[in-house]
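Worksheet: the structure to be examined is printed underneath.
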Amino acid sequence: DVSNNAIRINATDRLDNIPPNIEQFFAQNNQIFGSLPDSINDLSKLHQFDVSSNALTGSLPESLNNLPQLLQFDISSNALSGQLPNFAESFLSLQELDMSNQT
Numbered sequence: 051d052v053s054n055n056a057i058r059i060n061a062t063d064r065l066d067n068i069p070p071n072i073e074q075f076f077a078q079n080n081q082i083f084g085s086l087p088d089s090i091n092d093l094s095k096l097h098q099f100d101v102s103s104n105a106l107t108g109s110l111p112e113s114l115n116n117l118p119q120l121l122q123f124d125i126s127s128n129a130l131s132g133q134l135p136n137f138a139e140s141f142l143s144l145q146e147l148d149m150s151n152q153t
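Residue numbering for the sequence shown follows this note's numbering, starting at 51 and increasing by one per position.
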């Protein structure tokens, strides 16, 4: 959990380094900018992913479809845009999805 630390990083460069066996990733209320990398799709054991209240831009990766254990996905309060990828069928266990407040 690296939430609320004023961390300023480029998501495209740094989130590629998340260990593939991680189950939770909390990085809300920082200054993470750029686009979510395609490597998010490699986190197949991920249960919770929260990067809300950052400065993410661009669209969600098209490859966002290999997260079968995902329960919570929060990307609210960023500046994401574009079409949603067709990933709903892959999120069979999803209980909470928040994509609100995109500026």
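Glycine included, every Cβ here is placed at the ideal spot set by N, Cα and C.
These numbers were taken from a predicted model, which means no experiment stands behind them.
- One thing to note: Pro-87 has its Cβ within 7 Å of the Cβ of Thr-62.
- Burial check for Ser-103: the Cβ neighbour count within 10 Å reaches 16 or more, so the residue is buried.
- Annotated three-state conformation of Asn-60 is strand, per DSSP.
- Counting C-beta atoms within 10 angstroms of its own C-beta, Asn-128 has 16 or more neighbours from the protein chains shown and is therefore classed as buried.
- The C-beta of Asn-80 has 16 or more other C-beta atoms within 10 Å across all chains shown, which makes the residue buried.
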